[in-house]
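K.L.:
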Amino acid sequence: MDALHGRYVAQLMGMPVSLALRGRHARDARGGRAWAAVVRELEEVDAVFSTYRPDSAVCRLDRGELDLRQAPAVVREVLDLAERATQVTDGWFSVWLPGPGGPRRLDPSGLVKGWAVERAAAHLADLDGTDYCLAAGGDLTCRTGDADDVPWRVGVEDPADPARTLAVVPLLSGGCATSGDRHRGPHVVDPWSGQPARAGGSVTVVGPSLLWADVWATAGYAHGDDAARWLAEVCPLTTLVVAPDGSVRTHAPAA
26 MDALHGRYVA QLMGMPVSLA LRGRHARDAR GGRAWAAVVR ELEEVDAVFS TYRPDSAVCR
86 LDRGELDLRQ APAVVREVLD LAERATQVTD GWFSVWLPGP GGPRRLDPSG LVKGWAVERA
146 AAHLADLDGT DYCLAAGGDL TCRTGDADDV PWRVGVEDPA DPARTLAVVP LLSGGCATSG
206 DRHRGPHVVD PWSGQPARAG GSVTVVGPSL LWADVWATAG YAHGDDAARW LAEVCPLTTL
266 VVAPDGSVRT HAPAA
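In structure tokens:
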């Protein structure tokens with residue numbers, strides 16, 4: 026913890042997770058206990074959903090060693106959300122991805138991060154008089170207690186030059202997610218072909234829920250070069266799309 030700024034950081038679920046607090050409990054023991062609960066929550070999620078841990082429920086399901094009825098209830102919750110996400114994105118988001126020359130494989134990573142971070146943020150909701158911003162791997166969920174408070178400022182980096190900020194989004198409460206391959210390589214998969222999505226650029230989505238911002242950012246990036254047009258037509262959230270050539274297109278839904 027950085028006591029001066031009320032900040033915490035840890036490596037969880039294979040990515041950096043950080044918490045910024047401001048207000049009454051930013052630097053006290055109650056804020057520290059809330060952070061400890063966030064850490065425990067994310068560690069428990071990783072034990073269930075990691076695709077890198079052979080003993081996780083997700084890996085056992087994928088190998089056919091575990092029946093869905095025997096899986097933890099949170100797995101069924103996530104798969105129900107994933108089915109809804111597939112429906113609203115017309116199939117451009119899916120946790121069932123084509124396998125190499127074989128059956129489809131289960132990989133809920135594209136939904137679990139946003140879901141898990143929002144779930145963990147519930148431990149911060151009871152910190153009265155305290156604003157928070159919980160970030161994981163570039164995505165975040167935040168809250169301010171009053172509409173007159175200073176909003177959190179979310180920077181959208183240039184995927185071609187991460188040291189350069191393309192835009193700054195003021196956000197009082199809600200979620201922001203970015204999908205791209207600048208930091209993690211080609212990890213977003215076209216759910217139809219099973220091939221890595223387009224190279225270059227990024228898709229950022231801002232809305233009331235990090236889970237759904239993450240879903241739409243992933244689906245938009247998977248959609249390829251037509252992402253900006255497609256998201257403007259179907260996504261109910263605010264989007265910022267950086268094309269591989271560096272051009273930027275934004276769209277905000279009508280009020």
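Taking the working numbering, the leading residue of the sequence shown gets 26, the next gets one more, and so forth.
The C-beta atom is built at its ideal place from N, Cα and C for all residues, glycine as well.
1) For the beta strand (DSSP E) containing C201, list its first residue and its last residue.
2) Pairing CB atoms from the segment 198 to 207 with CB atoms from the segment 113 to 120, are three or more of them under 8 Å?
3) Write down the C-beta distance between D174 and L191 rounded to the nearest angstrom, noting that I regard them as a contact closer than 8 Å.
4) Can the beta-carbon of A54 be found closer than 8 Å to that of G31?
5) Does the segment 217 to 229 come within contact of the segment 242 to 253, defined as at least 3 CB pairs closer than 8 Å?
6) Distance, Cα to Cα, G184 vs S227?
7) Could you tell me which residues DSSP pairs with Y33 in its beta bridges?
8) Quickly, what does DSSP pair S227 with across the bridge? List them, please.
9) To test your reading of the DSSP string, which unbroken alpha helix (DSSP H) runs of 4 or more residues are found completely within the segment 112 to 197?
10) Quick one: any contact between the segment 120 to 135 and the segment 70 to 87, if contact means 3 or more CB pairs under 8 Å?
11) From the DSSP secondary-structure annotation, give me the bridge partner or partners of R78.
12) Does the distance from the CB of A202 to the CB of D239 come in under 8 Å?
P.N.:
The relevant details are as follows:
1) G199 to G205
2) no
3) Contact flag wrong, Cβ pair sits at about 25 Å.
4) no
5) yes
6) Note on identity: in this sequence residue 184 is Pro, with Gly being the wrong assignment. Rounded to whole angstroms, P184 to S227 spans 6 Å at the Cα level.
7) L44
8) G205 and V267
9) 134 to 146
10) yes
11) Per DSSP, none; premise fails for R78.
12) yes
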